[in-house]
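Chains as they are written, first to last, in my numbering: chain R, 414 to 703; chain F, 1183 to 1341.
A virtual CB, placed ideally from N, CA and C, is assigned to each residue, including glycine.
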């Protein structure tokens, strides 16, 4: 029997202390849908498991008076889906999170874990990037914030420093006339890993895009913020020329791999297609048409 | 390594057990508590044969560490019938032969009950999506889906 310790601290301070004290031999447990599988197949052999679900800040979803949302790192997809307001304000983020796994997995899996797992194909991450989510991170030296797009460092790697824990996401206040969407390409109808995923968030006034952000997944070693695609959309009425330019920027940002899910050529092409479709859905939502 | 002492509620009954820190809830249910209705198909959250509810929420017991359930409420297939009285879903699965070997059945039933608690009038598409995490390798899904829809209709008319 392996000599593993299980801790479920009630406060973030205690979790940070325990995590730092373990000096890299500990793993954070939120929903466990990645960690328990890794432990079972021998990829993860933690000396200490730190369950963060008893920490209120990490398990809560709150909407602030200014319209921003706090999503704790351990909140499950099912809890977000049942929130009375979250999916109304951020339908694209919610649809991305709810695409991950089965009903059973949704009951446990968290967008925080999806991000920390470090997969370039993580569905929730391009949508969070498009949303402009800002992370709160806590460690032995205190707290810091980081834009979500600066968090992934490579496949399976993040920019968390030693001893740091993801606390949660802040999604900014939503101006009137905003909408977001996430689309992924998979060869099945659900429960698969993205071949490419694109998240788009738009703010529109009088049919003109006034602000845009684009997140691209499974097309590079990390999820990317595609600023050139967003620039091509801003100021446009999402006419064909603007969508073509944004789609081309999305393809240009791709640095994918060939693997069993898709080739470099295919992924690069699909990124452009998904950008256009996601932008149109986001625009419909921004203008109250969907 | 000392075992952990966990106090929980299973199917309404206060329950205590000892477990290793990295033991799964499924292993404790089956091997320690003798509740062998929850099945292990894959052990990695793919097949749904170990489906349970944790504080009323559907999940795979193979993806839960046993010490996590301290102070929480677990629902397993053993609590679905009330004595000799089968749950309407169990009765309908029998009537419509919505099972063959039976390994997936406890998970299907727990998942289907969880759906009907939230949505008493699901469409066929909603049933199929909700049950997509429950794999059946023999009878196929049609009879299962039809049994769930039929049960939902009967429970609505009885309500």
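Looking only at R/673, R/676, R/657, R/701, the smallest Cα-Cα distance to residue 686 of chain R is reached by R/657. For a cut-off of 8 Å, the C-beta gap from residue 541 of chain R to residue 506 of chain R is around 6 Å, short enough to register as a contact. Residues are counted here when their Cβ sits less than 7 Å from a Cβ of chain F; for the segment 479-510 of chain R these are 491, given in chain order. In this structure, the CA atom of residue 681 of chain R is about 15 Å from the CA atom of residue 690 of chain R.
Residue state for residue 1310 of chain F is assigned as helix, using DSSP reduced to three classes. Between residue 1235 of chain F and residue 1292 of chain F, the CB-CB gap stays under 8 Å. Sequence-ordered contacts of the segment 1237-1271 of chain F with chain R read 1239, 1240, 1241, 1242, 1244, 1245, 1246, 1247, 1249, 1250, 1252 [C-beta pairs closer than 8 Å]. The shortest CA-to-CA distance from residue 487 of chain R to any of R/576, R/593, R/442, R/515 is the one to R/442. Chain-order list of chain R residues neighbouring residue 1225 of chain F: 453, by C-beta distance under 7 Å.
Along the segment 1191-1204 of chain F, going in chain order, the ones with a CB nearer than 7 Å to a CB of chain R are 1202, 1203, 1204.
Around the Cβ of residue 1272 of chain F, a 10 Å sphere holds 16 or more other Cβ atoms; the residue is buried. Within chain F, the residues 1230, 1314, 1315 have their CB atoms less than 7 Å from the CB of residue 515 of chain R, given in chain order. In the assembly as shown, residue 1187 of chain F is an exposed residue. Its beta-carbon has fewer than 16 other beta-carbons within 10 Å. Looking at R/652, R/498, R/662, the one whose alpha-carbon comes closest to that of residue 644 of chain R is R/662. Nearest to residue 425 of chain R by C-alpha distance, out of R/469, R/524, R/434, R/452, is R/469. Beta-bridge partners assigned by DSSP to residue 483 of chain R: R/475, R/583.
About 6 Å separates the beta carbon of residue 463 of chain R from that of residue 432 of chain R, a gap short enough to meet the 8 Å contact definition.
Under a 10 Å Cβ-count criterion, residue 613 of chain R is classified as buried, with 16 or more other Cβ atoms of the shown protein chains found around its own Cβ. When Cβ-Cβ separations below 8 Å define contact, residue 1217 of chain F makes no contact with chain R. For residue 635 of chain R, no CB of chain F lies under 8 Å from its own CB, so it is not counted at the interface with that chain. The beta carbons of residue 502 of chain R and residue 485 of chain R sit about 17 Å from each other, so the pair does not count as a contact at 8 Å.
For residue 1334 of chain F, there are no C-beta contacts with chain R under 8 Å, since the nearest C-beta of that chain is about 16 Å from it.
Residues of chain R whose Cβ lies closer than 7 Å to the Cβ of residue 1220 of chain F do not exist; the shortest such Cβ separation is about 12 Å.
In the displayed model, residue 1220 of chain F falls within coil according to three-state DSSP, outside both helix and strand. The Cβ of residue 450 of chain R sits closer than 8 Å to at least one Cβ of chain F. Rounded to the nearest whole angstrom, the CA to CA distance from residue 1211 of chain F to residue 499 of chain R is 35 Å. The Cβ-Cβ distance between residue 582 of chain R and residue 607 of chain R does not fall below 8 Å.
A straight line joining the alpha-carbon of residue 695 of chain R with that of residue 615 of chain R spans about 6 Å. Counting of Cβ neighbours within 10 angstroms places residue 1320 of chain F among the exposed residues, the total staying below 16. For residue 1219 of chain F against residue 1258 of chain F, the beta-carbon gap comes to about 6 Å, under 8 Å, which counts as contact. Between the segment 619-626 of chain R and the segment 525-535 of chain R, the count of C-beta pairs closer than 8 Å stays below three; the two stretches do not touch. Within chain F, 1228, 1314, 1315 have C-beta atoms less than 9 Å from the C-beta of residue 604 of chain R, given in sequence order. Interface criterion not met: the Cβ of residue 536 of chain R is under 8 Å from no Cβ in chain F. Look at residue 462 of chain R: its C-beta is under 8 Å from a C-beta on chain F. Straight across, the Cα-Cα distance linking residue 1322 of chain F with residue 1283 of chain F is about 11 Å. Rounded to the nearest whole angstrom, the CA to CA distance from residue 679 of chain R to residue 666 of chain R is 14 Å.
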